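Enquirer: Listed in order, the protein sequences are those of chains A and B.
Each residue of the first sequence is one higher than the last, beginning at 1 in the working numbering.
Each residue of the second sequence is one higher than the last, beginning at 306 in the working numbering.
Don't be surprised by glycine CBs; every beta carbon is placed ideally from N, CA and C.
Being a predicted model, the structure only gives us computed values, none of them experimental.
Mind having a look at this structure? Questions to follow.
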Amino acid sequence: MLAFLLRRISTALLVALTVSSLTFSLNFLSGDPAIALAGESATQEDLQTIREAYGYDKPIPVQYFNWLTGALQGDLGQSHYLNQPVADEIFQRLPTTMTLGLSALVFALVLSIPLGVLAAIRPNSLFDRFALTVAVVGQAMPSFWFALTMMLWFAINWRILPVSGSDTWLHFVMPSIALGYYITPGVMRLTRAGMLEVLRSDFIRTARAKGVSRFSLMFKHALRNAIIPVVSLAAVQFGFMLGGSIVIETIFAINGLGFLAWESIQRADLPMMQAIVLVLSFFYIALTFLADVLNAWLDPRIRIG
Amino acid sequence: MRPMYLALSASLLATTAMPAMAGKAEDTLNWATDKEVAVVDPYFSVTRELVIMGHMGWDGLVLFNNETGEFDPLLATSWEWKSNTEVEFDLREGVVFHDGSTFDADDVVYTINFLADEASGVPAQSVVNWMKSATKIDQYKVRLELVQPFPNAFAYLANEISIMPEGYYENSSIGADGTRDLSKVTPIGTGPYTVSDVRTGKYVNWAKNDQYFAGGPKGTPQIGNINFRTIGESNTQLAELMTGGLDWAWDVPKEQALRLEESGQVQVVNEKTLRISYLAFDVDGSSGQDYFTDQKVRAAFAHAINREAIAKELVGPASVAIHSACHPEQFACSQDVPHYDYNPEKAKALLAEAGYPDGFKFDLYGYREREFTEAVIGDLAAVGIQANLNWLQYSSLLEKVQNGETPVNHMTWGSSSIPDVAAITSHFFSGSSDDPAKDPRTAEALARGDTSVDPEVRKEAYQEALNIIAEEVYWLPMFTYAKYYVFSNDLDFTPTADEIPRLYEASWK
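Right, here's the structure in full:
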């Protein structure tokens, strides 16, 4: 088991570093980072000062090697734009993004799992068609448009929610819905499909014959089995939401990792971008791992397999 | 009972969820831009936000007066040029820094000598490297020595050189990569506002400096608090303006600004800026598309593009079409140069003379407002010239421009708010890699203007350079930019052309 864990962790590290090196290379395709840092009115002299100060005058492999050796020693460097240690900045903002991601996930699960279960109980019914419509609309609607529409109604017209910021829980209501709604269709359809399959299985028929109550049949016997792929999907989607919160954080002016990533890209703040990619990669990998463990707990057959 | 409960819940939610109503009621002016501000220091943060905040928290020796076009005394009360490279300043007495320490010559000497030393690490070297040193003559008199004659000295002193208390940067720690960790330096200046709270990248709150000296050109601050925060999305900024969460925003897109104006909920002002738009041609044919080595082709472009219409219809009422390679508001920016009026027929005739009666196809590069560039493309198409648009990030485009890879590029320049042609014409036509023509005649004339402090000598020299540029059409100057400002109906605020909003002069109606 220990060997398995070590193998998984080393693979995770390699994946994170590969992603990071790719991002590093791609960054240079968008132009000279010194120009992006200096702004539009910079002179050649200003640009040269910045190149020398930040090491952009060195070959790209040397720059990457320097960054990598620093990162392996726990030094993620200094943000060129914010003039702050990268690690401090990331850990200061991570809780905000985690709060947004978790609340969006809770919203998505609370909405999609009951919808999926209820749709499976009566397939092709009016409710089933309604649930499928919700799924189709969710998949078709861009999250930024949904976010702005909500803002128009809830913040401007009715004035019951704040427009932007992250000071209170109310500030997270619209962003969580906008972010969570995007993954709702996938989870709902998977729950529905899983429930339909499980409800047709022999052990459900047996349980029903033994007089197990309808609620217990659905939520204790059937859902526990149907939800296994949903757990994997939710874990992956949570990782996606942490990384994909860029748009939502930008729209709602939430001072999290997503907005920081957007700013860093705009400003060609390479140390910050590198670190954000690394952190998000680790989260993604860790969540996938966690999902495997959860699935093994839910279904003992996986442990044996 | 149930509907009542729901109504009660909804009203409770509405009460608690309403955004914090700041503005006049709480004597707090809220403003936002799309950029994060982490380090509140005008030298180590190269953003426009810090130029604005720099003027709120700090004072320079002089202040540019937008109405008179002159420099008013600020921390200096008077000055005298001792030679082309030496100027002596008498300093204002009775000024205190936010920490209570007294301002005097030692602070000026410290600030200038710190900046003049390249090892300071100030990224915008061009803003500071014209200063050689400062020497204390007595407690309220200093001598500033320049590296060489520099006509923009006062413009930089006014816009960019904030005076810090002696020893200000000494306690900042040095990071692993050699840069200073300025987050540990408490912002202290003599300005009309003092930093009351700051959270990295999220907000910077300012409070009125009750000790601010009387009788200065910045006046006496009226509004109790000025809070800045970052809102990356312009739609969100507008939503905050409409709901009272914000009192001031700028750079609002034209259509949105006009819609807001119709609503009557806010004031909307279109104000000129020092930024101009221009087309630069590949005069030496290095891009591989050598159409533009012929002056007739460049002149045909000038006649084909309806600059007036773009300025008025697309940019805004404060925008004007221009003819010389500078902004009309800048010192020595004469518009008395060869003009090319909008005349598509003349453009076609010039193209035929140049050997292109059926036009041609070329690559046009742009980066800023796509709709402006598309209008250019439309006008060119009307005379048979087909532009293939390449839309890039500024950093990518500038590299290509400097490498001579762009046949025509549609660019802009803001002159760092310096009201002098040296900040634009000299930058682009003195033979550097930014110079599309590298014409020795312009370089010589500009050098004459740049090394003199005699206004008449300078005007004459720049006129010569501007005439050559216009005659040869190395650039096609297009129009001045104009910005839409949107702010609360309760706010008394006047925007200025130099794009340094004087928020410290604002007051409530």
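Would you mind sorting A/T69 into buried or exposed? The rule is 16 or more other CB atoms within 10 Å of its CB.
Expert: Counting the other Cβ atoms within 10 Å of the Cβ of A/T69 gives fewer than 16, which makes it exposed.
Enquirer: Express the C-alpha separation of B/L697 and B/E810 in angstroms, rounding to a whole number.
Expert: 38 Å
Enquirer: Checking the sheet assignment: what are the DSSP bridge partners for B/Y583?
Expert: B/M716, B/P782
Enquirer: For a quick check, are the C-beta atoms of A/S20 and A/Q274 less than 8 Å apart?
Expert: yes
Enquirer: At what residue ranges does the segment 251-275 of chain A contain a whole run of the alpha helix (DSSP H), taking only runs of 4 or more?
Expert: 257-267
Enquirer: With H, G and I counted as helix, E and B as strand and the rest as coil, what does DSSP make of B/F402?
Expert: coil
Enquirer: Provide the residue span of the beta strand (DSSP E) that contains B/I531, from first to last.
Expert: 530-535
Enquirer: In whole angstroms, give me the CA-to-CA distance for A/L260 and B/A637.
Expert: Taking the straight line joining both Cα atoms gives about 43 Å.
Enquirer: Would you identify the three-state DSSP class for B/G328, choosing helix, strand or coil?
Expert: B/G328 carries a strand assignment under DSSP once its states are collapsed to helix, strand and coil.
Enquirer: Do B/T499 and B/I468 have their C-beta atoms within less than 8 Å of each other?
Expert: no
Enquirer: Which residues of the segment 67-95 of chain A have a Cβ closer than 9 Å to any Cβ of chain B? Give them in chain order.
Expert: G70, D75, G77, Q78, S79, H80, Y81, L82, N83, Q84, P85, D88, E89, Q92, R93
Enquirer: Can you check which of these residues, B/L565, B/P800, B/P492, B/A512, is closest to B/E372 by C-alpha distance?
Expert: B/P800
Enquirer: Where does the unbroken alpha helix (DSSP H) through B/K653 begin, and where does it stop?
Expert: 649-658
Enquirer: Just the chain B side, please: which residues come within less than 8 Å of A/E45 by C-beta, in chain order?
Expert: Q430, S431, N434
Enquirer: DSSP beta-bridge partners for A/L290?
Expert: For A/L290, which the question treats as bridged, DSSP gives no partner whatsoever.
Enquirer: Just verifying my parser: in three-state terms, what is the DSSP assignment at B/E385?
Expert: Here B/E385 carries a strand assignment [DSSP, helix/strand/coil].
Enquirer: Would you call the CB atoms of B/P492 and B/P526 closer than 8 Å?
Expert: no
Enquirer: Quick one: residues in its chain with C-beta nearer than 8 Å to the C-beta of A/Y56, no 5 flanking neighbours on either side, listed in chain order?
Expert: D32, P33, A34, I50, Q63
Enquirer: What are the residues that DSSP puts in a beta bridge with A/R208?
Expert: According to DSSP, A/R208 bridges with nothing at all.
Enquirer: Output yes if chain B places a C-beta closer than 8 Å to the C-beta of A/F146; else output no.
Expert: no
Enquirer: Taking buried to mean at least 16 other C-beta atoms within 10 Å of its own C-beta, is B/E763 buried or exposed?
Expert: At residue 763 of chain B the sequence reads Arg, which differs from the Glu that was named. Answer is buried; the Cβ neighbour count reaches 16.
Enquirer: Determine, using beta-carbon pairs with one atom in the segment 203-212 of chain A and one in the segment 175-188 of chain A, whether at least three such pairs fall under 8 Å.
Expert: no
Enquirer: Look up B/M436 in the DSSP assignment and say whether it is helix, strand or coil.
Expert: strand
Enquirer: Check whether chain A comes within 8 Å of B/F597, counting only Cβ atoms and requiring the distance to be less than that.
Expert: With a threshold of 8 Å between beta carbons, B/F597 makes no contact with chain A.
Enquirer: Hey, is B/L355's beta-carbon within less than 8 Å of any beta-carbon in chain A?
Expert: Not an interface residue.
Enquirer: Going along chain B in order, which residues have a C-beta closer than 9 Å to the C-beta of A/I177?
Expert: In chain order: nothing, as chain B lies at least about 14 Å away.
Enquirer: Among B/D587, B/M547, B/L579, which residue has its Cα nearest to the Cα of B/G569?
Expert: B/M547
Enquirer: With a CB to CB cut of under 7 Å and the five nearest residues on each side skipped, what residues in its chain are close to B/T390?
Expert: The answer, listed in chain order, is E450, L451, Q453, P454.
Enquirer: Is the distance from the Cβ of B/T429 to the Cβ of B/V490 below 8 Å?
Expert: The sequence shown places Ala at residue 429 of chain B, rather than the Thr named in the question. Cβ atoms of B/A429 and B/V490: not closer than 8 Å.
Enquirer: Between A/L190 and A/P229, is the Cβ-Cβ spacing less than 8 Å?
Expert: Their beta carbons are under 8 Å apart, which means A/L190 touches A/P229 by this criterion.
Enquirer: May I have a chain-ordered list of the alpha helix (DSSP H) segments no shorter than 4 residues that lie completely inside the segment 119-148 of chain A?
Expert: 126-140
Enquirer: Quick one: what does DSSP say A/K220 is sitting in, helix, strand or coil?
Expert: helix
Enquirer: Is it buried or exposed, B/A315, if we count other Cβ atoms within 10 angstroms and call 16 or more buried?
Expert: For B/A315, the predicted structure reports a pLDDT of 41, less than 50, and the residue's modelled location is therefore unreliable. A value from the coordinates is still provided. So B/A315 counts as exposed.
Enquirer: Can you list, in chain order, the residues of its chain whose CB lies under 6 Å from that of A/S241, leaving out five sequence neighbours each side?
Expert: The sequence given here has Met at residue 241 of chain A, not Ser. Excluding sequence neighbours, A/M241 sits near G101, A104, L179.
Enquirer: Put B/V642 into one of helix, strand or coil per three-state DSSP.
Expert: Correct three-state label for B/V642: coil.
Enquirer: Please name the residue, chosen from B/W813, B/R807, B/D803, that lies closest to B/Y461 on a Cα-to-Cα basis.
Expert: Comparing Cα positions, the closest option is B/D803.
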